[in-house]
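Colleague: Below are the structure tokens for one structure; questions will follow.
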Amino acid sequence: MANNLMRAVQYSKYGGGVDGLKHVEAPIPSPKKDEVLIKVEAASINPIDWKIQNGIARPFLPRKFPHIPGTDVAGEIVQVGSEVKRFKAGDKVVAVLGNGGALAEFAVAKEGSTVPRPPEVSALEAAALPIAGLAAHQSITQHAGLKLDGSSPQVNVLVTAASGGVGTYAVQLAKLANAHVTATCGARNMDLIRSLGADEVLDYKTTEGKALKSPSGRKYDIIIHCTTNIPWSTFAANLTPKGKVVDTTPAFGTMMSAAAKKITCSKKQLILVFTDPKKENLDYLVKLVKAGKLKPVIDSRHPLSKAGEAWGKSMDGHATGKILVEP
1 MANNLMRAVQ YSKYGGGVDG LKHVEAPIPS PKKDEVLIKV EAASINPIDW KIQNGIARPF
61 LPRKFPHIPG TDVAGEIVQV GSEVKRFKAG DKVVAVLGNG GALAEFAVAK EGSTVPRPPE
121 VSALEAAALP IAGLAAHQSI TQHAGLKLDG SSPQVNVLVT AASGGVGTYA VQLAKLANAH
181 VTATCGARNM DLIRSLGADE VLDYKTTEGK ALKSPSGRKY DIIIHCTTNI PWSTFAANLT
241 PKGKVVDTTP AFGTMMSAAA KKITCSKKQL ILVFTDPKKE NLDYLVKLVK AGKLKPVIDS
301 RHPLSKAGEA WGKSMDGHAT GKILVEP
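full-length UniProt numbering numbers the first residue of the sequence shown as 1 and each following residue consecutively.
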């Protein structure tokens, strides 16, 4: 903490991609009364991070420039705000940052968005959890209505882009919910997705994969959609009469489709997921990892000095699991 400065990566305007990222020395943030200051051990990059850079949430996010991006961090608390009750300096934690700040040596997080990290869960595993894990968890439980204790009746679930950050979690959580899981991914990742529990795996580049056809001829009760550019007609042809598509990557066109489904009173539903960083959900996921029931899949690890490589890899869209940055 020499001179109260830290190494960080930031950008100063919308757009620019990797070239817009700059390595700087920035002031170490001070925690407000309800915040903790975390020495970052690992952070992960999510597609929403570079989409925010591209202006998807303007003018609301970033709240100001220059902006240090990233929401998912794991590390050790070094300072707590005056009203923080649940944590103390020295505690290992994982957190979701509401205003970014993950790509740095230190970050502040709200106490209410921070959960303990047990020694059985590494910083890398923990940092890989928040946004992707929460999106999968809320899709399976809140939107699809499945119970992760296996007490739900068996249903047929399709997970698209199953080798991505959200998809790798969705496959595992669907299996915990007693579902028969079909998954799509690239040919190189088919064995990995089977190892995570998928009952059937489709190469998305084949005719059957593009059509989302179950090898066993099943119709899907639930489709957890983790990619883009699949038309509703393809989904509808594969759904049961009251089937649901739970879309974790909603775009403007998807929102129009969802509105149309409601207007026409279609029994087949399109549900849009906007991830809510609930600490009780994150704590539950951490406990699943500790118990060996959920495995974070890590695509690659990058030092903070090469955060641009990680950023570019995420923008390329072909990562297997999560991309991590270590200060």
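The beta carbon of each residue, even a glycine, is placed where N, CA and C say it ideally should be. Computed from a predicted model, the values in this text were never measured in an experiment.
Mind checking Ser82: buried by the 16 CB within 10 Å criterion, or exposed?
Modeller: Within the sequence shown, numbered from 1, the residue matching residue 82 stands at position 82. That one is exposed.
Colleague: Select from Pro241, Tyr220, Thr160 and Thr249 the residue whose C-alpha is nearest the C-alpha of Lys210.
Modeller: Residue numbering aside, residue 210 sits at position 210 when the sequence shown is read from its first letter. Closest by alpha carbon: Thr160.
Colleague: Would you check if the distance between the CB atom of Val121 and the CB atom of Lys290 is smaller than 8 angstroms?
Modeller: Reading the sequence shown from its first residue, position 121 is the one you call residue 121. Reading the sequence shown from its first residue, position 290 is the one you call residue 290. Cβ atoms of Val121 and Lys290: closer than 8 angstroms.
Colleague: Do Asp72 and Val96 count as a contact pair if the criterion is CB distance below 8 angstroms?
Modeller: Residue 96 sits at position 96 when you count from the first residue of the sequence shown. Residue 72 sits at position 72 when you count from the first residue of the sequence shown. In contact: Val96 and Asp72 (Cβ atoms closer than 8 angstroms).
Colleague: Where does Ala258 fall in DSSP's three states?
Modeller: Sequence index remark: in the sequence shown, residue 258 carries index 258 (1-based). With a pLDDT of only 49 at Ala258, under the threshold of 50, the placement of this residue in the model should not be trusted, and no figure is reported.
Colleague: Shortest alpha-carbon distance to Glu326 belongs to which of Pro215, Asn229, Leu61 and Ser44?
Modeller: Locating residue 326 in the sequence shown gives position 326, counting from the first residue. Among Pro215, Asn229, Leu61 and Ser44, the Cα nearest to that of Glu326 is on Ser44.
Colleague: For a test of the three-state rule: what should DSSP assign to Thr240, helix, strand or coil?
Modeller: For the purposes of this step, residue 240 is taken as residue 240 along the sequence shown, with counting starting at 1. In this structure, Thr240 counts as strand in the three-state DSSP scheme.
Colleague: Taking 8 angstroms as the cut-off, does the segment 188 to 201 touch the segment 123 to 132 (at least 3 CB pairs, one atom from each stretch)?
Modeller: No: fewer than three Cβ pairs fall under 8 angstroms.
Colleague: Under 8 angstroms between C-beta atoms, does Asn189 make it to chain D?
Modeller: Going by chain labels, chain D is absent from the structure shown, which holds only one protein chain.
Colleague: Can you give me the Cβ contacts of Ala170 inside the same chain, cut-off strictly under 6 angstroms, excluding the 5 residues immediately before and after it?
Modeller: Here residue 170 refers to the residue found at position 170 when the sequence shown is read from its first residue. If we look at Ala170 and ignore the five residues flanking it on each side, its Cβ neighbours are Ala136, Val159 and Ile224.
Colleague: Under a Cβ-count criterion, where at least 16 other Cβ atoms within 10 Å of its own Cβ denotes burial, should Asp247 be classed as buried or exposed?
Modeller: As a working mapping, residue 247 is identified with position 247 in the sequence shown. When all chains shown are included, Asp247 counts as buried.
Colleague: Just checking my contact of Met123 with Val157 at CB under 8 angstroms: how many whole Å lie between their CB atoms?
Modeller: For this step, residue 123 is matched to residue 123 along the sequence shown. For this step, residue 157 is matched to residue 157 along the sequence shown. Here residue 123 is Ala; the residue named in the question, Met, does not match the sequence. Contact flag wrong, Cβ pair sits at about 31 angstroms.
Colleague: Straight-line CA distance for Lys92 to Gly186?
Modeller: The residue labelled residue 92 in the question sits at position 92 within the sequence shown. The residue labelled residue 186 in the question sits at position 186 within the sequence shown. Whole-angstrom Cα-Cα distance: 36 angstroms.
Colleague: Could you check where the alpha helix (DSSP H) with Lys322 kicks off and where it finishes?
Modeller: Counting from one through the sequence shown, the residue named residue 322 turns up at place 322. Lys322 -> not in any alpha helix (DSSP H); beta strand (DSSP E) instead, spanning Lys322 to Glu326.
Colleague: Please report the straight-line C-alpha distance between Ala258 and Glu25, rounded to a whole angstrom.
Modeller: Walking along the sequence shown from the start, residue 258 turns up at place 258. Walking along the sequence shown from the start, residue 25 turns up at place 25. Residue placement at Ala258 is poorly supported in this model, since its pLDDT is 49, which falls under 50; the coordinates still yield a value, given next. Spanning the two alpha carbons is a distance of roughly 45 angstroms.
Colleague: Between the beta-carbon of Ala144 and the beta-carbon of Lys22, is there less than 8 angstroms?
Modeller: Taking the sequence shown and counting its residues from 1, the one referred to as residue 144 is at position 144. Taking the sequence shown and counting its residues from 1, the one referred to as residue 22 is at position 22. It is not a contact, given that the beta carbons lie outside the stated cut-off.
Colleague: How should Thr320 be labelled, buried or exposed, when 16 other C-beta atoms within 10 angstroms of its C-beta is the threshold for buried?
Modeller: The sequence position of residue 320 within the sequence shown is 320, counting from 1. It is buried - the Cβ of Thr320 has at least 16 other Cβ atoms within 10 Å.
Colleague: For Leu176, which residues of its own chain have a beta-carbon under 6 angstroms away from its beta-carbon, when the five flanking residues on both sides are left out?
Modeller: Taking the sequence shown and counting its residues from 1, one reaches residue 176 at position 176. Correct list, in chain order: Leu148.
Colleague: Pick out whichever of Lys64, Ala109 and Leu288 has its Cα sitting closest to the Cα of Ser12.
Modeller: Taking the first residue of the sequence shown as position 1, residue 12 is located at position 12. The residue with the shortest Cα to Cα distance from Ser12 is Lys64.
Colleague: Based on the DSSP secondary-structure assignment, which residues constitute the bridge partners of Phe106?
Modeller: One-based indexing of the sequence shown puts residue 106 at position 106. According to DSSP, Phe106 bridges with Lys39.
Colleague: Closer than 8 angstroms is the cut-off here; do at least three beta carbon pairs connect the segment 97 to 107 with the segment 37 to 57?
Modeller: Counting Cβ pairs under 8 angstroms, three or more are found: they touch.
Colleague: Kindly list the residues whose CB is nearer than 7 angstroms to the CB of Ala307, restricted to its own chain and excluding five residues on each side of it in sequence; keep chain order.
Modeller: Here residue 307 is taken as the residue at index 307 of the sequence shown, counted from 1. So the qualifying residues of the chain are Val9, Leu21, Leu103 and Val325.
Colleague: Contact between the segment 228 to 243 and the segment 266 to 280 is defined here as three or more beta-carbon pairs at a separation below 8 angstroms; is this criterion met?
Modeller: Because the criterion of three Cβ pairs below 8 angstroms is met, the segment 228 to 243 and the segment 266 to 280 touch.
Colleague: DSSP state of Asn46, grouped into three classes?
Modeller: Position 46 of the sequence shown, counting from 1, holds the residue named residue 46. Of the three classes helix, strand and coil, the one that applies to Asn46 here is coil, per DSSP.
Colleague: Rounded to a whole number of angstroms, what is the C-alpha to C-alpha distance between Pro215 and Leu173?
Modeller: What you label residue 215 is simply residue 215 of the sequence shown in a count that begins at 1. What you label residue 173 is simply residue 173 of the sequence shown in a count that begins at 1. Approximately 21 angstroms, taken between the alpha carbons.
Colleague: Over the uninterrupted beta strand (DSSP E) stretch that includes Gly75, give me the two end residues.
Modeller: As a position in the sequence shown, residue 75 is number 75, starting the count at 1. From DSSP, the beta strand (DSSP E) with Gly75 extends over Asp72 to Val80.
Colleague: Taking 8 angstroms as the threshold (C-beta atoms), are Val155 and Ile222 in contact?
Modeller: Mapped onto the sequence shown, residue 222 falls at position 222. Mapped onto the sequence shown, residue 155 falls at position 155. Against a cut-off of 8 angstroms, the Cβ pair of Val155 and Ile222 comes out as a contact.
Colleague: Tell me the residue span of the alpha helix (DSSP H) that contains residue 367.
Modeller: Residue numbering for the chain in the displayed model covers 1 to 327; residue 367 lies beyond these limits and cannot be assessed.
Colleague: Considering only DSSP beta bridges, list what Thr114 is partnered with.
Modeller: Residue 114 sits at position 114 when you count from the first residue of the sequence shown. The partner list for Thr114 (beta bridge, DSSP) reads Ala95.
Colleague: Suppose the cutoff is 8 angstroms on Cβ atoms and the five residues either side in sequence are ignored; what does the same chain contact list for Thr254 look like?
Modeller: Counting from 1 along the sequence shown, the entry for residue 254 is found at position 254. Below a pLDDT of 50, predicted positions are generally treated as unreliable, and Thr254, at 48, falls in that range; the measurement from the model is reported next regardless. Excluding residues within five positions, the ones whose Cβ falls inside 8 angstroms are Asp247, Leu270 and Leu272.
Colleague: State the DSSP-derived secondary structure class of Thr275, mapped to helix, strand or coil.
Modeller: Position 275 of the sequence shown, counting from 1, holds the residue named residue 275. In the structure shown, Thr275 sits in coil (DSSP, three-state: anything other than H, G, I, E or B).
Colleague: Can you tell which of Lys287, Pro59 and Pro231 has the C-alpha that lies nearest to the C-alpha of Pro250?
Modeller: Taking the sequence shown and counting its residues from 1, one reaches residue 250 at position 250. Comparing Cα-Cα distances from Pro250 to each of Lys287, Pro59 and Pro231, the minimum goes to Pro231.
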